[in-house]
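Below is one structure, written out as C-alpha cells, with a few remarks after it.
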Amino acid sequence: MTKSLARSIGLLTAAAFYSFFIFGFTDNLKGATLPPLLTEMGLNYSIGGTILFGAYVGFIIATLFTGILADTIGNKAVLLLAGAFLIFGILGYSSFTSVLGLIAAMAVIGMGLGSIELGANSIIVDIHPLDKGRYLNLMAVFHGLGSMLAPLFAGWLLISGSSWRSVYRWDLALVGLMILFFLLLPYPHIPKSNTEKFDLSHLGKAAFARPMGWFYFAIAVYVAIELGLASWLVTYLQDIRQISVGASAIYLSVFFGLVMLGRLLGSFVVERVGYLRSILYATIGATVCIGLGIFGPTPLSLLLPLAGFFLSIVFPTLTAAVSDLHTENMASILGLLFTFAGVGGMLGPWLIGLVGDVLGLSLGFGINLLYCGLLLVIMLVLIKETNHDGKAA
C-alpha cells in the first residue's frame, strides 16, 4: 500500500468515525428535549411518542433506498446526502410549531441517521476488508460517545436557560463539519471486479438467500433488546425497583458507557474468536445479566447496565459477518439488513409497553429476556447453517 493510499484510507476512516459520533449525538438529543417540547406545545405523551416515531419511519425509508444509491453513485455521496437530510430536518424540527410539521421534520432527521448508518458502515467494509470487524466496532464506539454526550450537552443548555429549539440548532455546526469533511476528502481507489457492479437480479438472489433471513431476524431482535433496555430502564427502576430519579438516570448513563467500552474492547476480540461465536457468547452474558437484574433481588439490578457491555458488539459484528458472506451489491444488502434493524427498533420497545400495560411493567420489561432467548437460538442456527467455527464464511 502506498503512503498516499494509506493516508486517504486513514482520513476517510476518521471521517466515518466522526459521522457515527454525529449519529449518536443527534439521535439522543430527542430524549432530553422532549419534556420541554411537550410543555411548550401542550402535548401529551402519546403525541410526543408519535413525533419521535417519525424518526424510525425515516430511518427505515433511508436504509431501504440508500443502499442502492451507494452501489450506484458511491458511499461518499450517501454521507453527503445524510448531511443534507440532517440540516433540513434539524432546521424544520427546531422551527415548526405544528405536530405534523414536527413529525415530518423528525422523519427527515431519521432519513439522515439511516443514511449515516448505511454509508459509514459501507465505507468501513469497503476500505478495511480484512479487519472490518475491528473497525466496525471501533466506529460504533464513537456512536456511544455521541450518545453519552448528547443528554449532558442538552441538559447543560436547558439548565442555562436555552430553549429546546436552540439545543437542536447547535447540532447544525457539527453536521456542517461532517459535510465539509466528505466534500474535501477524496475516496481512495480500491480495485473491484466487474461482478461487484450493481445488478438487481443478483441483489435479489443474494439478499434473500437462506442464511440471510436469519441475519435479518437476528439484527431486528438485537435492536429490540438494546432499545427495549434503553427506553424502559429508567421507568422500570423507578416504578418497580423504587430507585430514585437521580440514581436511575446514572444507571442509564452507565449502560451507554459500558456499551462504548464493550465495543472498544470487542474490536480486539471479534476477529480472533470469530464473528458469530463472539455474538453467541456476548448474548449469553447479556441474558444472565438481564435475567438476574429483572427477577433477582433489588441489589442485582446493578447487572442491568452491565448487559450493555455484552450487547455492545452484536450490531457491528453482525454487520461484519454479513459483509463476509457477500461481495456483490454490498451496500444494498447492508441497507436491507439495517431496515430490519429499524423494524426491531420500532416493535421492541412498543411490545414492552403493551405487555406492561396488560400484565405489569415487571413482566413487560421481562420481554427483553425473551428477546435474548430468541437471539441465542438464532445464533446457534446461524453457526450450524454456515457450517464454520464462528466467523462467517
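In our numbering, the protein residues as written are 10 to 402.
Backbone N, C-alpha and C define an ideal beta-carbon position, used for all residues, glycine too.
Residue nearest to A159 within the set N37, F265, M120 and L183 is N37 (criterion: CA-CA distance).
Per the coordinates, the alpha-carbon of A23 lies some 19 Å from the alpha-carbon of T328. Approximately 6 Å separates the beta-carbon atoms of G63 and G119; this is inside 8 Å, confirming the contact. D140 sits in coil when the DSSP states are folded into three classes, being neither helix nor strand. Apart from the 5 residues on each side of it in sequence, I392 sits with its Cβ closer than 8 Å to the Cβ of L285, R286, L289 and G399 in its chain, given in chain order. When Cβ pairs closer than 8 Å are counted between the two stretches, the segment 348-362 is seen to touch the segment 226-241, the count reaching three or more.
The beta carbons of A79 and G123 sit about 12 Å from each other, so the pair does not count as a contact at 8 Å. Distances from the alpha-carbon of F105 to those of G142, I60, L89 and G92 put I60 closest.
Taking C298 as the centre and dropping the five residues before and after it, the same chain places the C-beta of L312, L315 and A316 closer than 6 Å to its C-beta, in chain order.
Under the criterion of beta carbons closer than 8 Å, I387 and W223 qualify as touching, at roughly 6 Å. Nearest C-alpha to G302 among M221, W359, P325 and I376: I376. L21 and L363 have their C-alpha atoms roughly 43 Å apart.
Here L383 has V230 as same chain residues with Cβ atoms under 7 Å from its own Cβ, once five neighbours each way along the sequence are excluded. Excluding residues up to 5 positions away in sequence, T72, L73, F74, T75, G76, I77, A79 and L127 lie with their Cβ nearer than 8 Å to the Cβ of G344 in the same chain.
Burial state of W173 is buried, judged by a 10 Å Cβ sphere holding 16 or more other Cβ atoms. When only Cα atoms are considered, S341 and V331 end up about 12 Å apart. Selection G92, A227, S371 and D140 evaluated against L186 yields G92 as nearest (Cα-Cα). Cβ atoms of N146 and R272 come within 8 Å of each other, at about 5 Å.
Residues of the same chain with a CB within less than 7 Å of the CB of G40, apart from the 5 flanking positions on each side, are P160 in chain order. Excluding residues up to 5 positions away in sequence, T42, A163 and L166 lie with their Cβ nearer than 6 Å to the Cβ of V176 in the same chain. CA-to-CA, the gap between L95 and V184 works out to about 7 Å. One thing to note: F374 has its Cβ no nearer than 7 Å to the Cβ of Y260.
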